[in-house]
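Visitor: Under the numbering used here, read the sequence shown as residues 74 to 152, first letter to last.
All C-beta atoms in this analysis are idealised placements derived from N, C-alpha and C, irrespective of residue type, glycine included.
Here you go, one structure.
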Amino acid sequence: CGAFSFGCIVGYTAPTQSSIMKDLNLSIAEFSLFGSVLTVGLILGALICGKLTDLVGRVYTLLITNILVLIGWFAIAFA
74 CGAFSFGCIV GYTAPTQSSI MKDLNLSIAE FSLFGSVLTV GLILGALICG
124 KLTDLVGRVY TLLITNILVL IGWFAIAFA
């Protein structure tokens, strides 16, 4: 489930790249920065999830993080 979520997140901007660049009036360099924010989020998420796993266990960590991913996708869908 985590690999599927990650694949959806990484692949989301590929088909919409031209629309995002046009709507937000971004240059290629600015769009590259937009894409690299994902990497920063992954680093921070890994650090947080490691501690969260120690506190509540693997199953609840997966449940919590997948709920957060769903909330994020709903925010994108209804934006």
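Taking C-alpha atoms, which residue in 129, 143, 151, 82 lies nearest to residue 108?
Guide: Taking the sequence shown and counting its residues from 1, the one referred to as residue 108 is at position 35. Checked all of 129, 143, 151, 82; the closest Cα to residue 108 is 82.
Visitor: Write down every uninterrupted run of the alpha helix (DSSP H) in the region 84 to 110 whose length is 4 residues or greater and which is fully enclosed by it, in chain order.
Guide: Counting only runs of 4 or more, we get nothing.
Visitor: Give me the Cα-Cα distance between residue 130 and residue 85, rounded to the nearest whole angstrom.
Guide: Position 57 of the sequence shown holds residue 130. Position 12 of the sequence shown holds residue 85. Their backbone Cα atoms lie some 29 Å apart in a straight line.
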